[in-house]
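Add 1346 to a position in the sequence shown, counting from 1, and you land on the number used in the numbering used here. C-beta atoms are modelled at their ideal positions from N, C-alpha and C, and glycine is treated no differently. No experiment lies behind these values; they were computed from the predicted model shown. Below you'll find the structure, written out as structure tokens, and then a few comments.
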Amino acid sequence: MTIRVAIAGARGKMGQEAVHTVMKNTDLELVAALDYKEIGATLAETGLFPEGYTVPVFTDLNKLHAQTRPDVLVDLTSPESVYTHTKTALELKIRPVVGTTGFSDEELEELAQLAKDTKVGCIIAPNFAVGAVLMMKFAEQAAKYLPDVEIIEMHHDQKLDAPSGTAMKTAHLISAHRPVHEQGHVREKETLPGARGANYDGMRIHSVRLPGLVAHQQVLLGGEGQLLTVRHDSFNRGSFMSGIVLSINTVMETEELIYGLEHIIR
Ligand code: NAP
């Protein structure tokens, strides 16, 4: 049986790639797109997709659900809308697969509880690239031995949230093994505010935003006389698509919220 998929944010950089991926996959059926403004009745009418893409576009998730009955909602929108989309989808018993970043810890906890209460599966993955998941895992392991860590994440200049969801997730994973401690000199002083980056339990996170970049991260782990660098680069958005397809298939078999692709890669 094919899985019925709706995509929120289909006009975006990730969304367009996801639309083509789902259309090409014979196990999946793209039944609807969700937008927040009138962009045409079908994807083809937006002018961004081929004429054969007659998938209907909705601006209201309740209407989308009533008319197209998707199994899964893939969200690739913005930090402002993703929480409401995910919550509404869970209430409607549509399984969310969320790539949008920018959730607070409280929002993640609330959604996890809602997924548990409704028994509706949900996968939230700040990074769908398998290589990025491995980068996080290797950094997590290395921090047990080299607990002085700085994270440098680099993205295109249209990204709305900073630090990236991947950097936050990396810091969260590392913090399970790294005793909380401030790094650098005790009398360190920033002569330009922000020079030392964001502070996560004493770990520093630096966000670079430049045109030409896609999604890149290095984790620097320093020790006496040595430096270990763990680095991952996504050069194009194709790097995220196998993770999205895996998540769509996996979310059909779960009744709770899973946060992070590392919990589902085999
Ligand atoms: P993008 O090009 O700006 O695309 C976002 C799209 O969503 C835009 O077309 C935007 O429309 C639309 N949108 C905004 N609010 C919406 C709403 N309420 N309903 C429906 N559509 C809405 O951004 P992107 O690079 O594709 O990234 C999208 C999200 O995915 C970001 O949060 C990014 O951080 C994340 N991301 C995740 C991964 C991952 O592996 N998990 C990888 C890359 C990116 P307008 O432009 O007209 O506002």
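>> Output needed for residue 1489: all residues of its chain with C-beta closer than 6 Å, excluding positions within five of it in sequence on either side, in chain order.
In response: 1495, 1520, 1523 and 1524
> Hey, which unbroken runs of the alpha helix (DSSP H) at 4 residues or more fall wholly within the segment 1436 to 1516?
Replying inline: 1451 to 1464 and 1476 to 1488
> At what residue ranges does the segment 1519 to 1554 contain a whole run of the beta strand (DSSP E), taking only runs of 3 or more?
Replying inline: 1544 to 1546
> For residue 1439, which residues of its own chain have a beta-carbon under 7 Å away from its beta-carbon, when the five flanking residues on both sides are left out?
Replying inline: 1464 and 1466
> To which residues does DSSP link residue 1580 through a beta bridge?
Replying inline: 1561
>> Within a Cβ cutoff of 6 Å, which residues of the same chain sit near residue 1414, ignoring the five residues on either side of it in sequence?
In response: 1377 and 1378
>> Suppose you measure from the CA of residue 1408 to the CA of residue 1539; what does that come to, to the nearest Å?
In response: 45 Å
>> Using the Cβ count rule (16 or more neighbours within 10 Å means buried), how would you classify residue 1491?
In response: exposed
>> Out of 1368, 1603, 1607 and 1478, which one is the CA nearest neighbour of residue 1435?
In response: 1603
>> Measuring alpha carbon to alpha carbon, tell me which residue in 1388, 1404, 1380 and 1471 is nearest residue 1597.
In response: 1471
> What does the shell around the ligand NAP hold, if a residue joins when its beta-carbon is under 5 Å from any heavy atom?
Replying inline: 1354, 1355, 1357, 1358, 1359, 1360, 1381, 1382, 1422, 1423, 1424, 1427, 1445, 1446, 1447, 1473, 1474 and 1586
>> Does the structure place the segment 1451 to 1458 close enough to the segment 1393 to 1402 that three or more beta carbon pairs sit under 8 Å?
In response: no
> When DSSP labels each residue in this structure, what does residue 1429 get in the three-state scheme?
Replying inline: helix
>> With the cut-off set at 8 Å, would you say residue 1423 and residue 1431 are in Cβ contact?
In response: yes
> Of all the CB atoms in chain B, is at least one closer than 8 Å to the CB of residue 1431?
Replying inline: No chain B appears in this structure, which consists of one protein chain only.
>> Threshold first: 3 residues or longer. Then list the beta strand (DSSP E) segments lying entirely within the segment 1581 to 1610, N to C.
In response: 1603 to 1605
> Exposed or buried, which one is residue 1387 when buried takes at least 16 other CB atoms within 10 Å?
Replying inline: exposed
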